[in-house]
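Engineer: Next up is a structure, given as structure tokens.
There are 2 protein chains.
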Amino acid sequence: MKNTLTHASEDYLKAIYALSANGAAANTTALAARLGVAPASVTGMLKRLAVTQPPLIVYRKHHGVTLTPAGERAALEIVRHHRLLETYLYRTLGYTWDEVHEEACRLEHVISEDFEERIAEALGHPVRDPHGEPIPTRELTMPPFEAVPLSKLRPGQRAVVQRVHADDPALLRHLQRLGLTPGVGLTVDAYDEFDHNLQIKIDAQADPLVLGTAITDKVFIEVIA
Amino acid sequence: MKNTLTHASEDYLKAIYALSANGAAANTTALAARLGVAPASVTGMLKRLAVTQPPLIVYRKHHGVTLTPAGERAALEIVRHHRLLETYLYRTLGYTWDEVHEEACRLEHVISEDFEERIAEALGHPVRDPHGEPIPTRELTMPPFEAVPLSKLRPGQRAVVQRVHADDPALLRHLQRLGLTPGVGLTVDAYDEFDHNLQIKIDAQADPLVLGTAITDKVFIEVIA
DNA sequence: AAACTGATTTAGACTACCCTAAATCTGATT
DNA sequence: AATCAGATTTAGGGTAGTCTAAATCAGTTT
Numbered sequence: 007m008k009n010t011l012t013h014a015s016e017d018y019l020k021a022i023y024a025l026s027a028n029g030a031a032a033n034t035t036a037l038a039a040r041l042g043v044a045p046a047s048v049t050g051m052l053k054r055l056a057v058t059q060p061p062l063i064v065y066r067k068h069h070g071v072t073l074t075p076a077g078e079r080a081a082l083e084i085v086r087h088h089r090l091l092e093t094y095l096y097r098t099l100g101y102t103w104d105e106v107h108e109e110a111c112r113l114e115h116v117i118s119e120d121f122e123e124r125i126a127e128a129l130g131h132p133v134r135d136p137h138g139e140p141i142p143t144r145e146l147t148m149p150p151f152e153a154v155p156l157s158k159l160r161p162g163q164r165a166v167v168q169r170v171h172a173d174d175p176a177l178l179r180h181l182q183r184l185g186l187t188p189g190v191g192l193t194v195d196a197y198d199e200f201d202h203n204l205q206i207k208i209d210a211q212a213d214p215l216v217l218g219t220a221i222t223d224k225v226f227i228e229v230i231a
Numbered sequence: 007m008k009n010t011l012t013h014a015s016e017d018y019l020k021a022i023y024a025l026s027a028n029g030a031a032a033n034t035t036a037l038a039a040r041l042g043v044a045p046a047s048v049t050g051m052l053k054r055l056a057v058t059q060p061p062l063i064v065y066r067k068h069h070g071v072t073l074t075p076a077g078e079r080a081a082l083e084i085v086r087h088h089r090l091l092e093t094y095l096y097r098t099l100g101y102t103w104d105e106v107h108e109e110a111c112r113l114e115h116v117i118s119e120d121f122e123e124r125i126a127e128a129l130g131h132p133v134r135d136p137h138g139e140p141i142p143t144r145e146l147t148m149p150p151f152e153a154v155p156l157s158k159l160r161p162g163q164r165a166v167v168q169r170v171h172a173d174d175p176a177l178l179r180h181l182q183r184l185g186l187t188p189g190v191g192l193t194v195d196a197y198d199e200f201d202h203n204l205q206i207k208i209d210a211q212a213d214p215l216v217l218g219t220a221i222t223d224k225v226f227i228e229v230i231a
């Protein structure tokens with residue numbers, strides 16, 4: 007029951023969780039790309055994860071992989087660690103939102119349940135991390151959230167930024183400079199249907215912004231009107 | 007130069023540092039016992055550590071091992087991480103002094119220099135951890151300290167507890183209950199030269215205590231008179 | 001239905017750690 | 001000087017991860 011997973015296994019579970027979020031099975035190539043390893047390495051690990059007791063994944067050769075309930079709990083445990091740590095580093099140790107990811111990635115595998123509980127308590131049991139991503143509960147359920155990317159909006163619509171789904175520090179710093187952070191309100195002015203650029207106007211900012219899909223696919227918003 | 011060490015290597019360097027503190031070379035058996043591995047495993051690791059670039063240890067077969075200057079710096083880096091973490095967990099997250107060691111043992115290998123600096127800053131650059139052990143400086147020098155074990159004291163001498171050199175949670179809880187913690191003053195009443203028991207009287211405590219060497223060898227004091 | 005393409009798996013090798021069992025060395029004792 | 005005990009190393013094997021190169025599969029196109 008209380009299997010101790012290796013750090014590598016935990017990273018694989020996290021990646022499978024992220025890539026099968028839509029319900030579909032995660033495939034070898036995408037996992038390899040996300041984890042920065044060769045596809046053959048993924049195949050090897052999947053074989054191991056499929057035969058643990060209890061099994062953590064369902065793996066059908068050539069047809070991708072999904073998490074079992076036990077595997078999903080293991081993944082959510084790590085995601086909870088990660089996002090609580092990001093929140094702690096951000097709020098308590100003065101990290102910026104582009105710095106938190108890397109540190110949390112290493113710490114998430116080694117903190118105890120006790121440590122998790124203590125920082126959750128110290129933070130007042132936060133429900134979102136500094137990027138606006140929801141933090142899984144202690145019971146390992148993912149809070150429901152609205153997942154509309156900014157790229158889906160069209161001229162005339164108003165929205166509030168909810169979460170920025172990106173880890174790349176350079177991109178995060180760029181978004182910070184643009185003022186595109188959780189809580190910010192905006193209105194869509196124009197849409198170019200050829201390059202899919204979106205022109206938006208951020209509340210309390212004078213000049214409009216033209217954004218490509220590299221950005222608009224990663225900023226998730228809640229539509230207001 | 008900036009070799010990335012494995013967690014296991016770091017644990018070996020820490021152990022070699024601790025066991026060769028007296029200047030003598032550390033031997034295979036003691037390392038194996040301290041690290042909880044078989045002696046043959048130690049031999050294998052020592053061969054690897056001796057041929058890194060730069061070399062971290064000086065290893066002569068059958069004659070023990072010492073750290074090179076580079077190895078000592080690497081060891082002190084981990085000790086600094088460990089003791090800063092213990093201090094942080096203790097002061098900021100409400101851990102007790104018997105709980106800090108285990109958590110710090112896992113975190114010490116994964117925190118960044120940035121994290122180290124931030125918690126050192128947040129703590130006001132402490133010089134001792136919750137057990138009274140000195141924290142290596144940022145420049146990786148070990149602050150000098152008086153290392154007289156309580157067991158060396160004889161009747162009539164007065165002393166102040168400086169550090170408690172123990173990781174075992176049960177022992178630490180016991181010492182806490184006895185009131186034998188850093189800063190506490192005491193007087194030696196009697197010494198039994200057969201079983202080496204020491205009878206002491208702790209300041210502000212009514213009843214005297216009789217302590218065996220399991221304790222008196224681990225409590226280090228500064229003699230006052 | 002055959003062929004092609006891209007994704008995937010297999011095969012085989014490497015590193016870093018661990019182990020046990022057997023051999024060997026060192027230093028003390030006779 | 002030979003022996004002996006204990007410490008240490010060697011030999012050989014196991015696991016978990018990584019890789020590259022070669023083979024195979026699945027789905028589309030012809």
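Chains A and B, in that order, give the protein sequences. According to the numbering used here, the first sequence is numbered sequentially starting from 7. According to the numbering used here, the second sequence is numbered sequentially starting from 7. Don't be surprised by glycine CBs; every beta carbon is placed ideally from N, CA and C. Note that the structure is predicted; figures quoted are calculated from it, not measured.
(1) If you draw a straight line from the alpha carbon of residue 155 of chain A to that of residue 36 of chain A, how long is it in whole angstroms?
(2) Is it the case that the Cβ atoms of residue 76 of chain A and residue 62 of chain A are separated by a distance below 8 Å?
(3) Comparing C-alpha positions only, which one of B:226, B:83, B:96 sits nearest to residue 129 of chain B?
(4) Could you tell me how far apart the beta carbons of residue 107 of chain B and residue 17 of chain B are, in whole angstroms, since I believe they sit closer than 8 Å?
(5) When the Cα of residue 167 of chain A is compared with those of A:184, A:175, A:113, which residue comes out closest?
(6) Assign residue 230 of chain B to buried or exposed, taking buried as 16 or more other Cβ atoms, counted over all protein chains shown, within 10 Å of its Cβ.
(7) Are three or more beta carbon pairs between the stretch 63–75 of chain B and the stretch 19–39 of chain B nearer than 8 Å?
(8) Counting only beta-carbon atoms, is residue 15 of chain B nearer than 8 Å to chain A?
(9) Below 8 Å between beta carbons: does that hold for residue 226 of chain B and residue 153 of chain B?
(10) According to DSSP, simplified to helix, strand and coil, what is residue 98 of chain B?
(11) Check the Cβ of residue 112 of chain A against every Cβ in chain B and list those closer than 7 Å, keeping chain order.
(12) In whole angstroms, what separates the C-alpha of residue 105 of chain A from that of residue 121 of chain B?
(13) Please list the terminal residues of the continuous beta strand (DSSP E) segment that includes residue 174 of chain B.
(14) Checking contacts by CB at 8 Å: is residue 126 of chain A closer than that to chain B?
(15) Within 10 Å of its beta-carbon, does residue 147 of chain B have 16 or more other beta-carbons around it, so buried, or fewer, so exposed?
(16) Determine the chain A residues that contact residue 100 of chain B at a beta-carbon separation under 8 Å, and present them in chain order.
(17) Pop quiz: residue 205 of chain B and residue 195 of chain B are said to be a contact at Cβ under 8 Å. What is the actual Cβ separation, rounded to whole angstroms?
(18) Can you name the residues that DSSP bridges to residue 138 of chain A?
(19) With 8 Å set as the bound, which would you pick, yes or no: does the beta-carbon of residue 200 of chain B sit closer than that to a beta-carbon of chain A?
(20) Can you list, in chain order, the residues of its chain with a C-beta nearer than 8 Å to that of residue 209 of chain B? Leave out the 5 residues immediately preceding and following it.
(21) DSSP on residue 32 of chain A, reduced to helix/strand/coil?
(22) Sorted by chain position, which residues of the same chain lie with C-beta nearer than 7 Å to residue 34 of chain A's C-beta, five sequence neighbours on each side aside?
(23) Would you say residue 109 of chain B faces chain A, with C-beta separation under 8 Å as the test?
(24) So which residues on chain A does residue 121 of chain B lean against when the C-beta distance must stay under 7 Å?
(25) What is the rounded straight-line gap between the Cα of residue 57 of chain B and the Cα of residue 80 of chain B?
(26) Verify whether the separation of the beta carbon atoms of residue 69 of chain A and residue 31 of chain A is less than 8 Å.
(27) Is the distance from the Cβ of residue 186 of chain B to the Cβ of residue 142 of chain B below 8 Å?
(28) What are the uninterrupted segments assigned as beta strand (DSSP E) that are 3 or more residues long and contained completely in the stretch 65–94 of chain B, given in chain order?
(29) I'd like to check one pair, residue 140 of chain B with residue 92 of chain B: are the Cβ atoms closer than 8 Å?
Structural biologist: Once the coordinates are examined:
(1) Taking the straight line joining both Cα atoms gives about 21 Å.
(2) Between residue 76 of chain A and residue 62 of chain A, the C-beta spacing is below 8 Å.
(3) Answer by Cα proximity: B:96.
(4) Beta-carbon to beta-carbon, residue 107 of chain B and residue 17 of chain B are separated by about 13 Å, too far to satisfy the 8 Å threshold.
(5) A:184 is the residue among A:184, A:175, A:113 whose C-alpha sits nearest the C-alpha of residue 167 of chain A.
(6) Exposed, since its Cβ has fewer than 16 Cβ neighbours within 10 Å.
(7) Counting Cβ pairs under 8 Å, three or more are found: they touch.
(8) It does not; no Cβ of chain A falls within 8 Å.
(9) Yes, the pair counts as a contact, with Cβ atoms nearer than the cut-off.
(10) Helix.
(11) The answer, in chain order, is 116.
(12) CA-CA distance, residue 105 of chain A to residue 121 of chain B, rounds to 11 Å.
(13) Careful: residue 174 of chain B lies outside any beta strand (DSSP E) and carries neither H nor E.
(14) For residue 126 of chain A, no Cβ of chain B is located within less than 8 Å of the residue's own Cβ.
(15) So residue 147 of chain B ends up on the exposed side.
(16) In chain order: 124.
(17) Their Cβ separation, rounded to whole angstroms, is 4 Å, which keeps residue 205 of chain B and residue 195 of chain B in contact under 8 Å.
(18) None, per the DSSP bridge assignment.
(19) Among the residues facing chain A, residue 200 of chain B is not included, as its CB has no counterpart in that chain under 8 Å away.
(20) Hits under 8 Å: 190, 191, 192, 193.
(21) Here DSSP, grouped into helix, strand and coil, assigns residue 32 of chain A to strand.
(22) Counting only Cβ-Cβ distances below 7 Å, and skipping sequence neighbours, we find 45, 48, 49.
(23) At least one C-beta of chain A is nearer than 8 Å to the C-beta of residue 109 of chain B.
(24) Neighbours of residue 121 of chain B on chain A, chain order: 109.
(25) Taking the straight line joining both Cα atoms gives about 15 Å.
(26) Yes. Within cutoff.
(27) Against a cut-off of 8 Å, the Cβ pair of residue 142 of chain B and residue 186 of chain B comes out as no contact.
(28) Those beta strand (DSSP E) runs which fall completely within the stretch 65–94 of chain B and span 3+ residues are 71–73.
(29) Between residue 92 of chain B and residue 140 of chain B, the gap from beta carbon to beta carbon reaches 8 Å or more.
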